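**Student:** Following this message is one structure expressed as structure tokens.
Numbering (the working numbering), first residue to last: 1072 to 1534.
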């Protein structure tokens, strides 16, 4: 009977034979290219928040228009990622990555040139669709570049840390660009960064194509379900009720379609692994908290306390700066004790931080608010890198793109719905709505923490 060492050696050998071929294959270069693209699309998920008041002043649209400016990107990102993971496997990770970066860069130019809010929202949809291609392709590039599990764990953790830092720096960068240039600058900055990512990709080896059937009926029903649900939350009223009915009907249809598909866009067997369930639940809780809190407090600093975009961005700097340190600590804890410990500590810290923010009011000094934002952000930073490692270690290499798509689709869906729900709550009264939003996010973390503790079982094998 083969030993654990024999099975591990066989798996490494199999993955080495499936790794991308190239004369000067340097995994570090592949990691750099993948990390830059991931950071770019992640930055755009949060960089817009601080610029929302400026966008509203220039293009109009009210609170719902500002919500759609954020959610148009997030929703397209989330819904299409269910299929783009399979697309990345089918086309080859490097080809899919190059296509996604190119389209994302062109869409960023369209956003910066948008003359009206509907045009901006439409360009944001294209941005989100391109980002949905880039994310699973970038993670697949990293997964394929490192055959050794130990090196791959460190590379995936670094990839996740880069995205977390970019997400955290979004509000700071958004405030600085809006103050120094204009709100359009937050989109134009993507042009040179996208060009650099494409240049790095040219130096990396081509990825092999893998068979991965596309589930178009499942993808279509998923898009309609998520769009209708988000519309129902943002718009409300009679129109919102009609949209909710459409979302419910399409959700039922989606489940029926997936049960009959030979290759469903969300394979039910994927969730039979308890590690997958834990990763998806924890990732969703982090996205609701982080996206929702940044959205609400970007409006709070500017519309309630009357601060500038630059000042608002700087107030997010303490939490942004500590996220990078928390990622490093998370990686070391995961390497020594397995990913379970930093996931549990991170979720508990985030929940406590959200409860601490309940004390914030219109008269709370801005520096105090900036400090109170830190525990939530650090908790998320401790949680996300190890949950990504847990997800990737739970699947074989040939399903890396699919697993990445499912995990990050769940995170983006949660983030988009979090912004929609939080925006609807603060629209009915900012102070009460903000507290209700924070309490809801804390409750989600409490549920996720219990699931992680009960289902994670024994700690995962050390990196």
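Just so you know, even glycine gets a beta-carbon here, dropped at the ideal spot from N, CA and C. Given the structure is predicted, the values throughout are model-derived calculations rather than measurements.
Helix, strand or coil for residue 1225, going by three-state DSSP, please let me know.
**Tutor:** Three-state DSSP puts residue 1225 in a helix.
**Student:** To which residues of the same chain is residue 1087 closer than 8 Å at the C-beta, ignoring the five residues directly before and after it?
**Tutor:** Residue placement at residue 1087 cannot be trusted, given a pLDDT of 43 that sits under 50; what the coordinates show is reported in the next sentence. Excluding residues within five positions, the ones whose Cβ falls inside 8 Å are 1218.
**Student:** Closer than 7 Å to a non-hydrogen atom of the ligand SAH - does that hold for the CB of residue 1155?
**Tutor:** Because no ligand of any kind appears in the structure shown, any question about the ligand SAH cannot be addressed here.
**Student:** Could you tell me whether the Cβ atoms of residue 1240 and residue 1102 are closer together than 8 Å?
**Tutor:** No, Cβ-Cβ distance for residue 1240 and residue 1102 is not below 8 Å.
**Student:** What separation, rounded to the nearest whole angstrom, lies between the Cα atoms of residue 1401 and residue 1460?
**Tutor:** Looking at the two C-alpha atoms, the distance is approximately 11 Å.
**Student:** For the alpha helix (DSSP H) that residue 1435 lies in, which residues bound it at each end?
**Tutor:** No alpha helix (DSSP H) holds residue 1435; DSSP gives it neither H nor E.
**Student:** Return the chain-ordered list of same chain residues with a C-beta closer than 6 Å to the C-beta of residue 1346, the five sequence neighbours on each side being excluded.
**Tutor:** So the qualifying residues of the chain are 1461 and 1465.
**Student:** If residue 1449 and residue 1440 are in contact, beta carbons under 8 Å, what's the gap, nearest whole angstrom?
**Tutor:** That pair is no contact at about 16 Å.
**Student:** If you reduce the DSSP assignment to three classes, tell me which class residue 1395 lands in.
**Tutor:** Looking at residue 1395 - three-state DSSP - the assignment turns out to be helix.
**Student:** If you compare alpha carbons, which of 1352, 1099 and 1126 is closest to residue 1370?
**Tutor:** Residue 1370 has its Cα closest to that of 1126, out of 1352, 1099 and 1126.
**Student:** Measure the Cβ-Cβ separation of residue 1250 and residue 1215 and say whether it is below 8 Å.
**Tutor:** No, the Cβ-Cβ distance between residue 1250 and residue 1215 is not below 8 Å.
**Student:** With 16 other CB atoms within 10 Å as the buried threshold, where does residue 1331 fall?
**Tutor:** Classification for residue 1331: exposed.
**Student:** Can the beta-carbon of residue 1235 be found closer than 8 Å to that of residue 1446?
**Tutor:** No, Cβ-Cβ distance for residue 1235 and residue 1446 is not below 8 Å.
**Student:** What residue ranges within the stretch 1176-1246 form continuous alpha helix (DSSP H) runs of no fewer than 4 residues, ordered along the chain?
**Tutor:** Here the runs fully enclosed are 1188-1216.
**Student:** Looking at the secondary structure, which residues open and close the alpha helix (DSSP H) in which residue 1151 lies?
**Tutor:** 1133-1162 is the span of the alpha helix (DSSP H), which, as asked, contains residue 1151.
**Student:** Could you name the residues of the same chain whose beta carbon sits closer than 8 Å to that of residue 1433, not counting the 5 residues immediately before and after it, in chain order?
**Tutor:** So the qualifying residues of the chain are 1375, 1376 and 1502.
**Student:** So, with DSSP's three-state summary, where would you put residue 1409?
**Tutor:** Reduced to three states, the DSSP call for residue 1409 is coil.
**Student:** Is residue 1466 helix, strand or coil when you go by DSSP?
**Tutor:** Reduced to three states, the DSSP call for residue 1466 is coil.
**Student:** Considering Cα atoms alone, identify which of 1490, 1521, 1523 and 1474 is closest to residue 1207.
**Tutor:** Among 1490, 1521, 1523 and 1474, the Cα nearest to that of residue 1207 belongs to 1474.
**Student:** What three-state label does DSSP hand residue 1374 in the structure shown?
**Tutor:** It is helical.
**Student:** Considering only residues of the same chain and omitting the five flanking positions on each side of residue 1136, which have a CB-CB separation below 6 Å?
**Tutor:** Taken in chain order, the residues that qualify are 1188.
**Student:** For residue 1285, which three-state DSSP category applies?
**Tutor:** If DSSP states are grouped into helix, strand and coil, residue 1285 belongs with coil.
**Student:** Could you name the residues of the same chain whose beta carbon sits closer than 8 Å to that of residue 1306, not counting the 5 residues immediately before and after it, in chain order?
**Tutor:** Result list for residue 1306: 1135 and 1314, in chain order.
**Student:** Out of 1199, 1182, 1480 and 1232, state which residue places its alpha-carbon closest to the alpha-carbon of residue 1191.
**Tutor:** Cα-wise, what sits closest to residue 1191 is 1182.
**Student:** Distance, Cα to Cα, residue 1339 vs residue 1146?
**Tutor:** Answer to the nearest angstrom: the Cα atoms are 22 Å apart.
**Student:** What's the call for residue 1342, buried or exposed, on a 16-neighbour Cβ count within 10 Å?
**Tutor:** It is exposed - the Cβ of residue 1342 has fewer than 16 other Cβ atoms within 10 Å.
**Student:** So what's residue 1501 in DSSP terms, helix, strand or just coil?
**Tutor:** Helix at residue 1501.
**Student:** Locate the alpha helix (DSSP H) running through residue 1117, then write down its first and last residues.
**Tutor:** Here the alpha helix (DSSP H) through residue 1117 covers 1098-1117.
**Student:** Is the CB-CB distance between residue 1326 and residue 1299 below 8 Å?
**Tutor:** Taking 8 Å as the Cβ cut-off, residue 1326 and residue 1299 do not qualify as a contacting pair.
**Student:** Go through its chain and collect everything with a Cβ distance to residue 1489's Cβ below 6 Å, but skip five positions before and after it.
**Tutor:** Here the set comprises 1359, 1362 and 1363.
**Student:** Is it buried or exposed for residue 1487, if we count other Cβ within 10 angstroms and need 16 for buried?
**Tutor:** When all chains shown are included, residue 1487 counts as buried.
**Student:** When the Cα of residue 1151 is compared with those of 1294, 1463 and 1177, which residue comes out closest?
**Tutor:** The candidate whose alpha carbon is nearest that of residue 1151 is 1294.
**Student:** Specify the secondary structure class of residue 1379 as computed by DSSP and reduced to three states.
**Tutor:** Three-state result, residue 1379: coil.
**Student:** Would you check if the distance between the CB atom of residue 1453 and the CB atom of residue 1416 is smaller than 8 Å?
**Tutor:** Against a cut-off of 8 Å, the Cβ pair of residue 1416 and residue 1453 comes out as a contact.
**Student:** What residue range does the alpha helix (DSSP H) around residue 1120 cover?
**Tutor:** Taken as a continuous stretch (DSSP letters only), residue 1120 belongs to no alpha helix (DSSP H), as it is neither H nor E.
**Student:** Starting from the C-beta of residue 1178, find all residues in its chain whose C-beta is less than 7 Å away, skip the five residues before and the five after it, and write them out in chain order.
**Tutor:** If we look at residue 1178 and ignore the five residues flanking it on each side, its Cβ neighbours are 1194, 1197, 1198 and 1201.
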